[in-house]
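Peer 1:
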Amino acid sequence: MKSTPLSCAAIVALMMSSGMSIAQDLEITIDTKTSSATIDAGTVVDASGSLIGDYDADTNPDGTQTRPGLFGGSGNQPIDTITTLQSSTMLDSMPAGLMSMSLDTLGGTGEISGFAIDLLNGADASTSLSVTIGFDTFRTFSPSFLYLGGIPITIPLGEVGSISSATLTQNAPAIIVLSPADLPEAFEVTGVIPASLDMSVSFMLPGGEPSDFPIEGLPVLVPISGQIELPGDGSALLTLSATPDPISSIIPIEGVDLPGIPFELPTLGEETAGVLFTLSPQSIALDASISISINANGVPATACPADLTGDGVLNFFDVSAFLNAYNTMDPAADFDGNGVFNFFDVSAFLNAFNAGCP
Numbered sequence: 001m002k003s004t005p006l007s008c009a010a011i012v013a014l015m016m017s018s019g020m021s022i023a024q025d026l027e028i029t030i031d032t033k034t035s036s037a038t039i040d041a042g043t044v045v046d047a048s049g050s051l052i053g054d055y056d057a058d059t060n061p062d063g064t065q066t067r068p069g070l071f072g073g074s075g076n077q078p079i080d081t082i083t084t085l086q087s088s089t090m091l092d093s094m095p096a097g098l099m100s101m102s103l104d105t106l107g108g109t110g111e112i113s114g115f116a117i118d119l120l121n122g123a124d125a126s127t128s129l130s131v132t133i134g135f136d137t138f139r140t141f142s143p144s145f146l147y148l149g150g151i152p153i154t155i156p157l158g159e160v161g162s163i164s165s166a167t168l169t170q171n172a173p174a175i176i177v178l179s180p181a182d183l184p185e186a187f188e189v190t191g192v193i194p195a196s197l198d199m200s201v202s203f204m205l206p207g208g209e210p211s212d213f214p215i216e217g218l219p220v221l222v223p224i225s226g227q228i229e230l231p232g233d234g235s236a237l238l239t240l241s242a243t244p245d246p247i248s249s250i251i252p253i254e255g256v257d258l259p260g261i262p263f264e265l266p267t268l269g270e271e272t273a274g275v276l277f278t279l280s281p282q283s284i285a286l287d288a289s290i291s292i293s294i295n296a297n298g299v300p301a302t303a304c305p306a307d308l309t310g311d312g313v314l315n316f317f318d319v320s321a322f323l324n325a326y327n328t329m330d331p332a333a334d335f336d337g338n339g340v341f342n343f344f345d346v347s348a349f350l351n352a353f354n355a356g357c358p
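341 is the number that our numbering gives to position 341 of the sequence shown; each next residue is one higher, with no gaps.
1. Please state whether DSSP places residue 323 in a helix, a strand or coil.
2. What do you get for residue 313, buried or exposed, if any count of 16 or more other CB atoms within 10 angstroms of its CB means buried?
3. Can you name, in chain order, every residue of its own chain whose Cβ lies under 6 Å from the Cβ of residue 160, other than the five neighbours on each side?
4. Are the beta-carbon atoms of residue 199 and residue 166 separated by less than 8 Å?
5. Tell me whether residue 316 is buried or exposed, calling it buried when 16 or more other Cβ atoms sit within 10 Å of its Cβ.
6. Taking C-beta to C-beta, are residue 202 and residue 249 nearer than 8 Å?
7. Below 8 Å on the Cβ atoms is my contact criterion, and I expect residue 27 with residue 299 to pass it. Report the Cβ-Cβ distance as a whole number of Å.
8. Relative to the C-alpha of residue 47, which candidate in 82, 88, 218 and 354 has its C-alpha closest?
9. Pull the bridge partners of residue 276 from the DSSP assignment, please.
10. From what residue to what residue does the alpha helix (DSSP H) around residue 355 run?
11. What is the C-beta distance between residue 77 and residue 52, in whole angstroms, given that I count them as a contact (C-beta under 8 Å)?
12. Could you say if the stretch 87 to 100 and the stretch 55 to 69 meet the contact criterion of at least three C-beta pairs nearer than 8 Å?
13. Could you tell me which whole beta strand (DSSP E) segments of length 3 or greater appear in the stretch 98 to 159?
14. Relative to the C-alpha of residue 33, which residue among 252, 93 and 333 is closest?
15. Within 10 angstroms of its Cβ, does residue 180 collect 16 or more other Cβ (buried), or is it exposed?
16. So what's residue 19 in DSSP terms, helix, strand or just coil?
17. Identify the continuous beta strand (DSSP E) that holds residue 90 and give its terminal residues.
18. Can you name, in chain order, every residue of its own chain whose Cβ lies under 7 Å from the Cβ of residue 35, other than the five neighbours on each side?
19. Mapping the DSSP letters down to three states, classify residue 335 as helix, strand or coil.
20. Once DSSP output is grouped into helix, strand and coil, what is the label at residue 316?
21. Can you name, in chain order, every residue of its own chain whose Cβ lies under 8 Å from the Cβ of residue 210, other than the five neighbours on each side?
22. Under a three-way DSSP split, which group does residue 32 fall into?
23. Just how far apart, CA to CA, sit residue 72 and residue 140?
24. Which residues in the same chain have their Cβ closer than 6 Å to the Cβ of residue 242, if we skip the five residues on either side of it in sequence?
25. Go to residue 188, then tell me how far its beta strand (DSSP E) extends in each direction, as first and last residue.
26. So residue 349 and residue 322 are supposed to be a Cβ contact under 8 Å. How far apart are they, rounded?
27. Please go through the same chain and pick out, in chain order, the residues whose beta-carbon is closer than 8 Å to the beta-carbon of residue 42, but skip the five residues on each side of it.
28. Have a look at residue 187 and residue 29 and give me their C-alpha separation to the nearest angstrom.
29. Considering only the alpha carbon of each residue, which of 228, 158 and 65 lies closest to residue 185?
30. CA-CA distance, residue 170 and residue 215?
Written out as structure tokens, the structure is:
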């Protein structure tokens, strides 16, 4: 069936009357080699428990015995303790991640979705650990020593812990503002991404097994600022700085008892008192600051029907391609799929154009 010729002016008039704008949908991948993240984190695990000498009549008859108080008592007795495990980490890494962006360059707005970053990306995030032990007065035998209550003992243990994972994941829509930049086809980008921080901190006390303390779902706001370049071929170059708000949180720990941990308490001489610790962590406190510098590349999102030029950008070139196809009765312009070229095809094209790319 013969089509009714259309002009570009007619299509433009329809577009303007429907309030259409130029849209671009992108899949963004972080360039790990040129991006960076800095993590400065400290954790404090508060635990209750007890210690007891490592004496055993059968297997360690020369071991240490512990007894509460200044005088009296007999045998090997447990001593109640309050213990704090404190770690600190300073780490530079090359993060990995991705996000999706939907841009309305004429309207000066956009949206980010699916923002997810692995902050460590395989980096070694070892932590320096110290343990502070509080107790009431007790004595040891073999060696003989008096530990006065109210005077905590702090023992640096070195790098015997690590941050085994750290990720930021978007958990709500994020609207961004686009404003023209100095470079042609470039826009300044600003916005705030609501996200969740997930981390896992691992400690391994001397003689013990690794103990993991997960920190899950901490709400974080991630302000972003930077620039996106749109060369016109559907691709994009993105540079962003992202600095989440400082993180400070205390997470309760319930129902966790660590296996007994052999430990050597210092004395005034060269000898040490061998004891066995039992710990029940009560809470973990996290204080952290994170800064991220992102360089990323964008490619067109999944093709959409109105993107007749296939460059991932919906603009007047797609309108021109539709006009050419329509006026030559090319099946590409039969948007309602009924074999007839008429206003319903024009309307279907305009609807697809206005919907943008997925």
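All C-beta atoms, glycine included, are put in the ideal place defined by N, C-alpha and C.
Peer 2: With the given structure in hand:
1. helix
2. buried
3. 129 and 204
4. yes
5. exposed
6. no
7. Confirmed, about 6 Å.
8. 82
9. DSSP, once it has assigned bridges, lists 52 and 262 as partnering residue 276.
10. The continuous alpha helix (DSSP H) containing residue 355 extends over residues 343 to 355.
11. 7 Å
12. no
13. 109 to 118, 126 to 135, 138 to 141 and 145 to 147
14. 93
15. exposed
16. Only weak support exists for where residue 19 lies, its pLDDT of 41 falling under 50; the coordinates are left without a value.
17. 79 to 93
18. 94, 95, 293, 294 and 295
19. Coil.
20. helix
21. Answer for residue 210: 202, 203 and 204, listed in chain order.
22. Residue state for residue 32 is assigned as helix, using DSSP reduced to three classes.
23. 12 Å
24. 222, 224 and 292
25. 186 to 203
26. 5 Å
27. 86, 87, 88, 89, 286, 287 and 288
28. 18 Å
29. 228
30. 16 Å
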